[in-house]
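Take a look at the structure below.
Listed below in structure tokens is the structure:
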């Protein structure tokens with residue numbers, strides 16, 4: 869589980885690959901961060917919005 873101190877809404881900030889990986893329930897491994905970078909490049913901010921309720 870991600871500690872509350874690491875969570876933020878991202879409403880004012882740019883979404884990072886690390887944000888997307890964590891929101892997707894993935895560990896912060898180089899492979900998962902690269903996956904998230906590709907996903908953000910393809911889908912933009914929608915990539916993280918699809919992960920959140």
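Residue numbers (my numbering): 869 to 921.
Heads up, the beta-carbon is just placed ideally off N, CA and C, and yes, glycines get one too.
Only a predicted model underlies this, so the values are computations on that prediction, with no experimental measurement involved.
In the DSSP annotation of this structure, residue 871 is not part of any alpha helix (DSSP H), being labelled neither H nor E. Across the set 887, 881 and 871, the C-alpha of 887 shows the shortest separation from the C-alpha of residue 915. Here the alpha carbon of residue 902 sits roughly 14 Å from the alpha carbon of residue 912. Distance between residue 884 and residue 890, taken at the CA atoms: about 10 Å.
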